[in-house]
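This report concerns only the one structure given below.
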Amino acid sequence: MGAIAAGCGDSRPSINVYNWGDYIDKDVIKEFEEEYNIKVNYSMYATNEDLYVKLKQGGSSYDVIIPSDYMIERMIREGMLSKLDTNNIPNLQNVDEKFFNLDFDPSNEYSVPYMWGTVGIIYNKTKVDDVVDSWDILWNEKYKDQIIMLNSQRDTLAVALLKLGYSMNTRDINELEEAKQELIKQRPLVWAYQGDEVKDTMIGGEAALAVVWSGDAVAMIRQNPDLAYVIPKEGTNLWFDSMVIPSTAKNKEGAEAFINFMCRPDIASKNTDYIGYSTPIPKAIETLPDDIKNSKVAYPSDEEIKNTEIFKDPMDIIQEYDRIWTEVMSGQ
């Protein structure tokens, strides 16, 4: 397996997996370790950009990472990923065909779908008495200090762009500046810019409205029935997170074994039931509890997601994104 030692007296081969926070069922990792006799060294990151910087800096070797669409596009272009040997991933046949041939990996040489979803607004029905169907509500002064935005420059800037009727992939500096001004105007109304912690905040009834990923919304609604999720009428982001292998991986065969394992319907079902996100594996969906299987949040119809965009890599204007985000956070 081209193994690297697991250390601490553990003689098993190992793989290093780097994933988003709270984005896997730890029991699934244990099952893989027992079945394949491969130790999994598991660590987490908060954003695609954090992942990218960590890999660029070197000094750490990962065998499986799970970035989003636009970051995969960038990593392929920069030669940061290995092509997959699909002979080692026979469970790829379980993945729904509609998740292949996407723009960020059009030839399906580098990535295997892990989860997918949308970005929308979750709100507490006991605190919000307005119709929630537009991004505009996040600028309503009535909900001052009751609004949570994502602590993510890409997603939060996209919300402002969509509110203004622009593409979230725009390269037009004037449109980006307009979006910046919208976010600066909104900032006094925002209680916090959060990541994973938004789940506890909304479940606990501490805020009225939040921008969230659909999978987190599923998990929140399960624990607090006062919550509801909508995709705003102006459109939103349709996103995909996929499993890939960095070009610096030390145990590629072990990594492919892990990816293959995650595509097994029983494992995919257990994993998605735990984290709440949407699996691309139809046979896994069939075995999910009814509240997930029939959820329009987790599995919206084609009609409901027709007005969506997939993020494209913004590397050509990343300095503008960084500048805008810094100015929004400083209120300039």
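Per my numbering, the sequence shown starts with residue 154, numbered consecutively. The C-beta atom is built at its ideal place from N, Cα and C for all residues, glycine as well.
- Whose C-beta lies closer than 7 angstroms to the C-beta of G270 among residues of the same chain, with five residues either side of it excluded? Within the same chain, and ignoring the five residues on either side of G270 in sequence, the residues whose Cβ sits closer than 7 angstroms to its Cβ are W366, S367, G368, W392, Y430, S431.
- Sort Y189, K207, R476 by Cα distance to P399 and report the nearest one. Cα-wise, what sits closest to P399 is K207.
- Message: Taking 9 angstroms as the threshold (beta carbon to beta carbon), is L291 in contact with chain D?
- Response: Within the model displayed, chain D is absent; a lone protein chain is all it includes.
- Query: What does V114 pair with, by DSSP beta-bridge criteria?
  - Reply: The chain is shown only over 154 to 485; residue 114 falls outside these bounds and no answer can be derived.
- Query: Does the Cβ of A360 have 16 or more other Cβ atoms within 10 Å, making it buried, or fewer, making it exposed?
  - Reply: So A360 ends up on the buried side.
- Query: I434 by DSSP, collapsed to three states: which one?
  - Reply: Coil.
- Query: Do you know how far the Cα of P442 is from the Cα of M197?
  - Reply: Straight-line Cα distance between these residues: approximately 28 angstroms.
- Task: Go through its chain and collect everything with a Cβ distance to R165's Cβ below 7 angstroms, but skip five positions before and after it.
- Result: Within the same chain, A159, N190, I191, K192 come within 7 angstroms of R165 by CB-CB distance, once the 5 residues on both sides are set aside.
- Message: In this structure, how does DSSP classify E226 when only helix, strand and coil are distinguished?
- Response: Judged by DSSP in its simplified three-state form, E226 adopts helix.
- Query: Shortest alpha-carbon distance to D175 belongs to which of A372, E439, T461?
  - Reply: Comparing Cα-Cα distances from D175 to each of A372, E439, T461, the minimum goes to A372.
- Query: If you count every other CB in all the chains shown that lies within 10 Å of the CB of T440, and 16 or more means buried, which is it?
  - Reply: Exposed is the call here.
- Return the chain-ordered list of same chain residues with a C-beta closer than 8 angstroms to the C-beta of E480, the five sequence neighbours on each side being excluded. The beta carbon of E480 lies closer than 8 angstroms to those of K333, I337 in the same chain, with the five residues before and after it left out.
- With V481 as the anchor, note down where its alpha helix (DSSP H) starts and where it stops. First-last of the alpha helix (DSSP H) with V481: 471-483.
- Task: Measure the Cβ-Cβ separation of D216 and F414 and say whether it is below 9 angstroms.
- Result: No. Outside cutoff.
- Message: Report the CB separation of C416 from V265 in whole angstroms; it is logged as a contact under 8 angstroms.
- Response: Between C416 and V265 the beta-carbon gap is near 7 angstroms, inside 8 angstroms, which marks them as a contact.
- For W254, which residues from the same chain have a beta carbon less than 7 angstroms from its beta carbon, with the 5 sequence-adjacent residues on both sides left out? For clarity, residue 254 is Asn in the given sequence; the question names Trp instead. Here the set comprises N261.
- Item | Endpoints, the beta strand (DSSP E) within which A332 is located | Looking at the DSSP string, A332 is not in any beta strand (DSSP E); the run it does join, the alpha helix (DSSP H), is 326-339.
- Rounded to a whole number of angstroms, what is the C-alpha to C-alpha distance between N240 and G232? Distance between the alpha carbons of N240 and G232 is about 22 angstroms.
- Query: Which stretch, first to last residue, makes up the beta strand (DSSP E) that contains I290?
  - Reply: Membership of I290 in any beta strand (DSSP E) is not indicated, and neither H nor E is assigned to it by DSSP.
- Item | Exposed unless 16 or more other CB atoms sit within 10 angstroms - verdict on T425 | With 16 or more Cβ atoms within 10 Å of its Cβ, T425 is classed as buried.
- Query: Skipping 5 residues on each side, what residues in its chain have a beta carbon closer than 6 angstroms to that of T309?
  - Reply: Within the same chain, and ignoring the five residues on either side of T309 in sequence, the residues whose Cβ sits closer than 6 angstroms to its Cβ are M302, L303.
- Task: Examine the Cβ distances between the region 283-298 and the region 449-462 and report whether three or more of them are shorter than 8 angstroms.
- Result: No: the two stretches stay apart, fewer than three of their Cβ pairs being nearer than 8 angstroms.
- Message: Could you pull the DSSP bridge partners for A172 from this structure?
- Response: Reading off the sequence shown, one finds Asn at residue 172, where the question assumed Ala. BP columns for N172 point to M197.
- Starting from the C-beta of E328, find all residues in its chain whose C-beta is less than 6 angstroms away, skip the five residues before and the five after it, and write them out in chain order. Y319, listed in sequence order.
- Cβ-based neighbour list, I463, same chain, cut-off 6 angstroms, excluding 5 preceding and 5 following: Same-chain partners within the cutoff: D222, L391.
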